[in-house]
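K.L.:
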RNA sequence: GCGGGUGUGCCGGAGCGGUCAAACGGGCUAGGUUGAGGGCCUAGUAGCUUAGUGCUUGCGCGGGUUCGAGUCCUGUCACCCGCACCA
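Residue numbers (this note's numbering): 72 to 1127.
Given below as structure tokens:
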């Protein structure tokens, strides 16, 4: 047989496909569309190896299959080309990441094209191109404008190797996902976040809508992790003194001041409330001076201003030297235009310019109260204030507006320190004996008293030095903060500890600790000798309340809990919550583990975040018209963020007021780029828009997404979030981007490890392609196992596949085109039917097995139709050689564009195929006997068959059932039948079931009425084969000696 | 600890509750073909048995459901993956 010139065949067909633009996807509403997408690769410098080939082959087979099935297929490829490796390589080589990236991409494209992948290359995109990242910036601004982006100081994850912060999703096991050996550090930094949490609920519930592998769904579910519970407000005891400032024309003897003063004093607070001078004709300077002179301001001071008092208090804060504890603004305003648009006569007397930066510096905490019903000061003023001084805004609805009501619990609450905690066990609230705040909490220090400062700081130092990684074995540790909280139901004061086992950004970062009923709290309480109070009793009463050995976390009934005592604890959860709600002390709530997405990165090779810092206007988004904000080229790689080294990038003008301003220098997490690339493919060349709506509406959502499972909680969450956010911004009209997801396995090298350049166990497609042809490699990779499993490369294995490919070739060289036998046609149609399902379900390995079996049964003469259908079936897997063979049997068209064969059920003939099976068995048996007896020229062959041969008794029973459905008559038949007789007892039990549902009996070979008849039919074949006389005899039960012990299951053969 | 998955020959892997478990591939052994090797072809590859068309065992282990279980249920063990102090 002539050698196959694989390279020539591959190049020939790749060129022809390309010239004919067979894979170009065009919007065509007359056809059903199919969007098949692979996760686009990061173009690493080391190029493609067999592992990549495996991944892409999975999608290519699917796309080709779908195309042949009449779908208008979109199958694109692009490159996730921003990212750290290129930047690091550039630093090493003192070059530019662009150079590395673009070379790598060119290399990728060349290699991918050589694999014969049927991509529509016209849609190729690269995320590092300005044309692409311009839209990243545009989306970012849209999100910002819609309150989906914010900047905040937080405890963030820092990877030293990456030299940047990371999102929560990108930290695995306390380490960076790219550097599993490198522990991340916690740093307090101000960073950009995207409000993914806004969609937490939808991200969770919509998992139902999509057909994804179960484990991926579960991983996302765990990641979002919803839990139901109760939010309860605990008041924090503080050593505070209050200064109250009243409003215009007011007095501290009026309105809510007397109430507030009494309530505060009731709680042991010092309250200084002195009437401001000249309140009907105020003078700011005079009043400020008065306040400063008559009151003492220190770190324990809470300044409360009402109405006009808010202005005075802001002015006071501009003047003082040391920061105070807290500022409460009850009905504050910033500009003199009021709700009814009437200027008050006093407003001219005020200077409405504030030094907000200084104010912020001089106070640790700001609370702004705004009254929705206020006719004096509208809500917008509250919001404006909030924006300027970055305080917490509380919207209230008082019975009488403008905080004049006698009783103003909201103002009192704002003055006091309250902490809402989240618990899933409100039923144990009577067992709270202490509180624990996270050691990483931003506001921890505000709870620490002077006396405890040293101890807490010691503790913080200690836990910083312990490893993040093995938190599980970490002993629960903490330090007393010096502060106390009041249990809202019992009124008990309990100590607040800082603890290492509380997560800062889940719930409120503080927990109520019930040592009797929570293991962690229990361990902590034991260590620090904190009392343990049992409030849940097991139903069997088996609990030693004085000597708990561990926390009792099971269900039971409530004790020691006043009116709730005696309730089942599940019921108590509801009752306690209801009670708290009625007292305005808490409410039912849900919590998610999902955090907002931290997207700032302090690195160069990414999309610049399009924000601008203006001294006057604050943080401002760049103008859409100014996009793209290009990455500067005049940069020096070295210490820190390279963008800072650019001379002109930093300086800009404020888009609002045109004064000098500074650009944001952080770039975006590259997961931002990959969160919407599947949309861009639909219209990848569009210069004016992110994409054309009609294109996206036609192609999306992605019908089949293919990629690795490592992105379960990263890319796949972000992309789902993006889809929902863009939908709500009006860009999309669907909820989920990827309807179906397939996780491919990984290819391992000879050494059993995942194939990778760095491990040095790669097999290159080029090498294999030259020797065996890329089709052989595809065939082999897909035949090993189901493509969702990890597989191992084997040189021997590909030899086996090559044998098949070669024999297909040589078969086509010698086959006579004529007529196909009935049984071949039957087998062909069966294969079509089964393979169609197998490929549809990604069971490529099974499809290949069936194809091999079909090939085995092909005869030296077959019809052109049969041969063509065989090629069609093989085509998605081995596209090049099948095209070649397709041409060789006289076709001028492309096999690629030929419709997938349809199964003709009527041609499937179980009996015909079964006969073949018998024929083969009998032939093989005869051959065995011949060789054992060393007979070369048999004179006569006698085949002795038993009654039972090839019968299951059920099949026989089915025959009888077809004759009669009467139980008694049936049993008569059974007893008269040699075969069934033995099973009579069983049959007696089965019959009722079978009569109910005859399907219980498998349909297989039911029509094998008589083995004799069957064998008679193949007698001629055997005669021909062995060139001798054939006799078929049915054995008498009694004469068949061996059969008496047990019935033979195969025919006996006697040769003379 | 929690959640998910997987356990079938020498290996990768098939096996709708019912044909004859181990298809198909790889490996290995023997024979044939060939100057040798390779390639190709044929047969064998759980145990017992002189041999068989015979017998026994057999789908991680133990129970159960069923006339019938590799397949369904349950418990258990082992391995793999994911999450991990989330109150």
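For glycine and all other residues, C-beta sits at the position ideal for the given N, C-alpha and C.
Measuring only the C-alpha atoms, how far is residue 156 from residue 269?
P.N.:
Working through the first chain from its first residue, we reach residue 156 at position 85. Working through the first chain from its first residue, we reach residue 269 at position 198. Cα-Cα distance, rounded: 32 Å.
K.L.:
Helix, strand or coil: which one does DSSP assign to residue 505?
P.N.:
In the first chain, the residue the question calls residue 505 occupies position 434. Strand.
K.L.:
Can you tell which of 632, 667, 962 has the C-alpha that lies nearest to the C-alpha of residue 785?
P.N.:
Within the first chain, the letter at position 714 stands for residue 785. The option with the nearest alpha carbon to residue 785 is 667.
K.L.:
Specify, as a first and last residue, the run of the beta strand (DSSP E) that residue 377 falls within.
P.N.:
Stepping through the first chain from its first residue, residue 377 is reached at position 306. Membership of residue 377 in the beta strand (DSSP E) is indicated by the continuous run 372-377.
K.L.:
When the Cα atoms are used, what is the spatial distance from residue 882 to residue 776?
P.N.:
Here the question's residue 882 lines up with position 811 in the first chain. Here the question's residue 776 lines up with position 705 in the first chain. Spanning the two alpha carbons is a distance of roughly 37 Å.
K.L.:
Apart from the five residues just before and just after residue 132, which ones in its own chain have a Cβ nearer than 8 Å to its Cβ?
P.N.:
In the first chain, counting from the first residue as 1, residue 132 sits at position 61. Within the same chain, residue 132 has close Cβ partners 849, 853, 910, 915, 947, 948.
K.L.:
Does residue 761 come out as helix, strand or coil in the three-state DSSP assignment?
P.N.:
Numbered from 1 along the first chain, position 690 holds the residue referred to as residue 761. Secondary structure of residue 761 (DSSP, three-state): coil.
K.L.:
In the DSSP assignment, the beta strand (DSSP E) including residue 230 goes from what residue to what residue?
P.N.:
Numbered from its first residue, the first chain carries residue 230 at position 159. 220-230 is the span of the beta strand (DSSP E), which, as asked, contains residue 230.
K.L.:
Excluding five sequence neighbours on each side, which residues of the same chain lie with their C-beta closer than 7 Å to the C-beta of residue 115?
P.N.:
Stepping through the first chain from its first residue, residue 115 is reached at position 44. Excluding sequence positions up to five before and after residue 115, its CB lies within less than 7 Å of the CB of 156, 175, all in the same chain and listed in chain order.
K.L.:
With a cut-off of 8 Å, do at least 3 Cβ pairs link the segment 88-107 to the segment 121-129?
P.N.:
no
K.L.:
For the beta strand (DSSP E) containing residue 265, name the first residue and the last one.
P.N.:
The sequence position of residue 265 within the first chain is 194, counting from 1. Element bounds for residue 265: 256-265.
K.L.:
My output table needs one value for residue 62: the three-state DSSP class, helix, strand or coil.
P.N.:
Summary: the structure shown does not reach residue 62, with the chain confined to residues 72 through 1127, and so no result is reported for it.
K.L.:
Roughly how many angstroms separate the alpha carbons of residue 509 and residue 715, rounded to a whole number?
P.N.:
Residue numbering aside, residue 509 sits at position 438 when the first chain is read from its first letter. Residue numbering aside, residue 715 sits at position 644 when the first chain is read from its first letter. Rounded to the nearest angstrom, the two C-alpha atoms are 35 Å apart.
K.L.:
Scan the segment 332-405 and note each continuous alpha helix (DSSP H) run of 4 residues or more that stays entirely inside, going in chain order.
P.N.:
355-365, 379-390
K.L.:
Are at least three pairs of beta-carbons, each pair with one atom in the segment 604-615 and one in the segment 573-581, less than 8 Å apart?
P.N.:
no
K.L.:
Give me the Cα-Cα distance between residue 512 and residue 226, rounded to the nearest whole angstrom.
P.N.:
Here residue 512 corresponds to residue number 441 of the first chain, with the count starting at 1. Here residue 226 corresponds to residue number 155 of the first chain, with the count starting at 1. Straight-line Cα distance between these residues: approximately 8 Å.
K.L.:
In terms of alpha-carbon separation, which member of 531, 711, 253, 264 lies closest to residue 239?
P.N.:
Within the first chain, residue 239 is the residue found at index 168, counting from 1. Among 531, 711, 253, 264, the Cα nearest to that of residue 239 belongs to 264.
K.L.:
Using the C-alpha atoms, what's the distance from residue 422 back to residue 781?
P.N.:
Along the first chain, one-based indexing puts residue 781 at 710. Along the first chain, one-based indexing puts residue 422 at 351. Approximately 58 Å, taken between the alpha carbons.
K.L.:
So for residue 553, helix, strand or coil by DSSP?
P.N.:
Here residue 553 corresponds to residue number 482 of the first chain, with the count starting at 1. Residue state, collapsed to three classes: strand.
K.L.:
Considering residue 775, what are the terminal residues of the beta strand (DSSP E) in which it resides?
P.N.:
Within the first chain, numbered from 1, the residue matching residue 775 stands at position 704. Residues 775-778.
K.L.:
Could you name the residues of the same chain whose beta carbon sits closer than 6 Å to that of residue 399, not counting the 5 residues immediately before and after it, in chain order?
P.N.:
What you label residue 399 is simply residue 328 of the first chain in a count that begins at 1. Taken in chain order, the residues that qualify are 375, 438, 485, 486.
K.L.:
Whose CA, out of 338, 366, 386, 134, lies closest to the CA of residue 355?
P.N.:
Position 284 of the first chain holds residue 355. When each option's Cα is compared against that of residue 355, the closest is 386.
K.L.:
Would you mind stating whether residue 770 and residue 761 have Cβ atoms separated by less than 9 Å?
P.N.:
As a first step, residue 770 must be located in the first chain, where it is residue number 699. As a first step, residue 761 must be located in the first chain, where it is residue number 690. No, the Cβ-Cβ distance between residue 770 and residue 761 is not below 9 Å.
K.L.:
Could you compute how far the alpha carbon of residue 758 sits from the alpha carbon of residue 861?
P.N.:
The residue given as residue 758 occupies position 687 in the first chain. The residue given as residue 861 occupies position 790 in the first chain. Rounded to the nearest angstrom, the two C-alpha atoms are 41 Å apart.
K.L.:
With DSSP run on the structure shown, which of helix, strand or coil describes residue 276?
P.N.:
Within the first chain, numbered from 1, the residue matching residue 276 stands at position 205. In the structure shown, residue 276 sits in a helix (DSSP, three-state: H, G or I).
K.L.:
May I have the straight-line CA-CA distance separating residue 676 from residue 793, to the nearest angstrom?
P.N.:
Within the first chain, numbered from 1, the residue matching residue 676 stands at position 605. Within the first chain, numbered from 1, the residue matching residue 793 stands at position 722. Annotation: residue 676 to residue 793 spans about 22 Å, alpha carbon to alpha carbon.
K.L.:
Taking the alpha-carbon positions, what's the residue 955 to residue 182 distance?
P.N.:
Along the first chain, read from residue 1 onward, the residue named residue 955 stands at position 884. Along the first chain, read from residue 1 onward, the residue named residue 182 stands at position 111. Taking the straight line joining both Cα atoms gives about 22 Å.
K.L.:
Of all the options 443, 827, 584, which has the alpha carbon lying nearest to the alpha carbon of residue 471?
P.N.:
Locating residue 471 in the first chain gives position 400, where the first residue counts as 1. Closest option to residue 471, judged by alpha-carbon separation, among 443, 827, 584: 443.
K.L.:
Can you list the beta strand (DSSP E) stretches of 3 or more residues lying completely in the segment 464-541, in chain order?
P.N.:
488-494, 505-509
K.L.:
Using 8 Å as the threshold, is the segment 495-508 in touch with the segment 631-641, meaning 3 or more CB pairs across them?
P.N.:
yes
K.L.:
Quick check on residue 854: does DSSP put it in helix, strand or coil?
P.N.:
Along the first chain, one-based indexing puts residue 854 at 783. Correct three-state label for residue 854: helix.
K.L.:
What are the start and end residues of the beta strand (DSSP E) that includes residue 313?
P.N.:
By 1-based counting over the first chain, the position of residue 313 is 242. Looking at the DSSP string, the run of the beta strand (DSSP E) that includes residue 313 is 312-316.
K.L.:
I'd like to confirm the pairing. Which residues does DSSP put opposite residue 668 in its beta bridges?
P.N.:
Position 597 of the first chain, counting from 1, holds the residue named residue 668. Note: residue 668 sits in a beta bridge opposite 265.
K.L.:
Exposed or buried, which one is residue 570 when buried takes at least 16 other CB atoms within 10 Å?
P.N.:
Residue mapping note: residue 570 aligns to position 499 of the first chain, counting from 1. When all chains shown are included, residue 570 counts as buried.
K.L.:
So what does residue 662 bridge to, in DSSP terms?
P.N.:
For the purposes of this step, residue 662 is taken as the residue at position 591 of the first chain. Answer by DSSP bridge pairing, in chain order: 298.
K.L.:
The alpha helix (DSSP H) spanning residue 901 covers which residue range?
P.N.:
Mapped onto the first chain, residue 901 falls at position 830. Looking at the DSSP string, the run of the alpha helix (DSSP H) that includes residue 901 is 893-911.
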